[in-house]
Amino acid sequence: MIASLIAPISGLVGSWMDKKTAEQAGKAAVAKVKAESEAAVMVSAATSTAEWEKLMAKGSQQSLKDEWLCLLFSIPLILSFCGEWGRHAVEQGFAALSTMPTWYSTTLGVIVASTFGVRSATKFFGKK
314 MIASLIAPIS GLVGSWMDKK TAEQAGKAAV AKVKAESEAA VMVSAATSTA
364 EWEKLMAKGS QQSLKDEWLC LLFSIPLILS FCGEWGRHAV EQGFAALSTM
414 PTWYSTTLGV IVASTFGVRS ATKFFGKK
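Numbering (our numbering), first residue to last: 314 to 441.
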């Protein structure tokens, strides 16, 4: 008699455990697929960023933009060592630049960022 009761109960317990195991396996499979797709997206983004930077570097080989901007940004540095008149000119120049419109300073930032590369610019502006 006890054996006739144990068989159905063990069958119910067994089927409940099989169902739980299948649910856990399904959740694990979904988590794995999600992680793999997120990894693929990150690899794709990194690859396209690297390719874009390579194209920009190749395109700027024949350009004088880098040299021009380096010279332009060096002028205040050089003038700072030219005595009082140089330091005064630098102070007046930066005071005038502080009043420029936002669109101009943003445009200047974009020009510098595109010339020296996105990674350098984002590090310079503190966006990691």
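Positions of the beta carbon are idealized from the N, C-alpha and C atoms, including for glycine.
Would you grab the beta carbon distance between residue i and residue j for me? Rounded to a whole angstrom, and I think it's under 8 Å.
i, j, result
"residue 379", "residue 428", "6 Å"
"residue 382", "residue 425", "6 Å"
When you compare the CB positions of residue i and residue j, do they come within less than 8 Å of one another, or not?
i, j, result
"residue 392", "residue 402", "yes"
Mark residue i as exposed unless 16 or more other C-beta atoms lie within 10 angstroms of its C-beta, in which case mark it buried.
i, result
"residue 327", "exposed"
Ranges of the alpha helix (DSSP H) found wholly within the segment 325-407, counting only runs of at least 4: 378-393
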